[in-house]
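S.K.:
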Amino acid sequence: MGTRMHSFSRKLGIFAVSAALLGGALGVGAFVTQTPSPPPPPINAQFDYQIGGAYTPGASVGIVDRDHTAAPAAGKYNICYVNAFQTQPDDTTTWAGANDDLILRDADGKKVGDPVWHEYILDTSTQAKRDRIATIVNGWITECARKGFNAVEPDNLDTYTREPKLLTQANNLALATSLASHAHAEGLAIAQKNTAELGAADKEAVGFDFAIAEECQYKSECGSYTKVYGNNVIEIEYSDNPPSAYTNACADQGKNISVILRDRDVTPPGDSAYHYEYC
Ligand SMILES: *[C@@H]1O[C@H](CO)[C@@H](O)[C@H](O)[C@H]1NC(C)=O
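Under our numbering, the sequence shown is numbered contiguously, ending at residue 359.
(1) Does Gln207 get closer than 7 Å to chain B when you measure Cβ to Cβ?
(2) What do you reckon, are the CB atoms on Glu317 and Tyr326 nearer than 7 Å?
(3) Based on Cα-Cα distance, which residue from Gln249, Asp171, Gly287 and Asn336 lies nearest to Pro119?
(4) Taking Gln207 as part of the alpha helix (DSSP H), name the residues at either end of that continuous run.
(5) Which residues, in chain order, sit with a beta-carbon under 6 Å away from any heavy atom of ligand 1?
(6) When the Cα atoms are used, what is the spatial distance from Leu101 to Asp180?
(7) Could you have a look at Lys191 and say whether DSSP puts it in helix, strand or coil?
(8) Using beta-carbon positions only, say whether Asn163 and Ile337 come within less than 7 Å of one another.
(9) To the nearest angstrom, how far is it from the Cα of Gly177 to the Cα of Thr167?
(10) Go to Cys160, then tell me how far its beta strand (DSSP E) extends in each direction, as first and last residue.
(11) In its own chain, which residues sit with a C-beta less than 6 Å from the C-beta of Lys91, not counting the 5 before and 5 after it?
(12) If I follow the unbroken beta strand (DSSP E) through Asp235, where does it start and stop?
(13) Under a three-way DSSP split, which group does Val141 fall into?
(14) Buried or exposed for Gly350, please, with buried defined as at least 16 other CB atoms from any protein chain shown within 10 angstroms of its CB.
(15) Once the 5 residues before and after Tyr305 are set aside, which same chain residues still bring their CB inside 7 Å of it?
(16) Please determine, among Ala271, Asn230 and Val192, the residue with the shortest C-alpha to C-alpha distance to Gly142.
(17) Do Tyr161 and Pro121 count as a contact pair if the criterion is CB distance below 7 Å?
(18) DSSP state of Glu284, grouped into three classes?
(19) Hey, how far is the Cα of Leu202 from the Cα of Ile131?
(20) Please state whether the Cβ-Cβ distance between Leu184 and Val232 is less than 7 Å.
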């Protein structure tokens with residue numbers, strides 16, 4: 081809490097100074113013009129995925145990705161993880177009570193998802209529900225911005241590919257568009273996570289700034305991302321796949337984009353499962 085207040089007041093300070101400078105130079109009218117696109121992560125900088133638990137990143141790391149409940153890492157480009165299309169296993173309150181109807185139900189009224197992991201899919205099928213989901217997730221995005229994060233990673237955009245009878249790409253992209261416009265208004269860049277079938281037109285329509293691709297080498301779909309995003313792509317391979325997924329990724333695009341190898345649960349150092357490699 082103390083850290084958050086500190087960085088928030090510091091941000092306000094910088095804003096006040098820039099406002100004074102710009103106001104003097106250009107007049108107050110300058111503030112109604114469009115805000116510039118927030119910068120995407122530095123291309124091919126060393127990436128560390130810390131969504132399973134935050135820890136001090138190595139000195140050579142340039143980009144850190146942490147859960148929205150964590151604080152950003154000092155001196156790095158920070159990406160804020162929000163689970164935007166699915167419930168988060170350790171969050172048992174957000175989608176309960178009056179928000180329980182935002183969890184997708186099948187024809188029998190059963191919650192759709194993985195009950196063992198408490199990971200349920202959110203229902204993006206109506207404008208009213210999308211608006212209510214956006215209000216919640218945009219609240220997290222606002223907090224990310226206040227804490228000093230630089231970008232947001234809304235996870236599980238691809239739920240419509242897993243539940244094609246219940247969800248549509250158009251409706252998921254409509255929710256993504258609300259999140260992107262809010263992220264940009266808060267000064268944050270926004271990532272397309274996975275969902276290789278989307279093209280340049282979808283990127284433009286939603287307003288995505290870069291891509292985070294999991295297992296794209298393993299699924300032979302890395303080219304789909306670089307075709308749309310150039311080298312503004314971060315690739316995460318996992319150590320439970322054949323080692324060739326990572327070594328081939330390094331050989332094919334490790335010189336162009338950020339490629340890392342992580343353990344499936346993205347554990348912090350000290351955990352027996354912890355695994356991290358960068359190329
Ligand atoms: C690497 O990036 C350059 C542009 O910076 C591009 O011309 C080249 O095709 C890329 N290589 C791969 C393997 O993606």
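The C-beta atom is built at its ideal place from N, Cα and C for all residues, glycine as well.
Bear in mind the structure is a predicted one, so any value in this text is a computation, not a measurement.
M.R.: Reading off the structure:
(1) Any reference to chain B falls outside this structure, which holds one protein chain only.
(2) Their beta carbons are under 7 Å apart, which means Glu317 touches Tyr326 by this criterion.
(3) Gly287
(4) Run containing Gln207: Gln207 to Lys227, per the alpha helix (DSSP H) assignment.
(5) Thr306, Asn311, Asp332, Gln333 and Asn336
(6) For Leu101, the predicted model reports a pLDDT of 39, less than 50, meaning its position is unreliable and no value from the coordinates is stated.
(7) strand
(8) no
(9) 14 Å
(10) Tyr157 to Asn163
(11) Bear in mind that a pLDDT of 37 at Lys91, under 50, signals an unreliable position, so the number given afterwards is only what the model happens to contain. Sequence-distant partners of Lys91 (beyond 5 residues in either direction) whose C-beta falls short of 6 Å from its own C-beta are missing from its chain.
(12) Ala231 to Asp235
(13) coil
(14) exposed
(15) Ala276, Ala291, Ala293, Cys296 and Val313
(16) Closest by alpha carbon: Asn230.
(17) With respect to the 7 Å criterion, Pro121 and Tyr161 are not classified as neighbours on the basis of their beta carbons.
(18) helix
(19) 20 Å
(20) no
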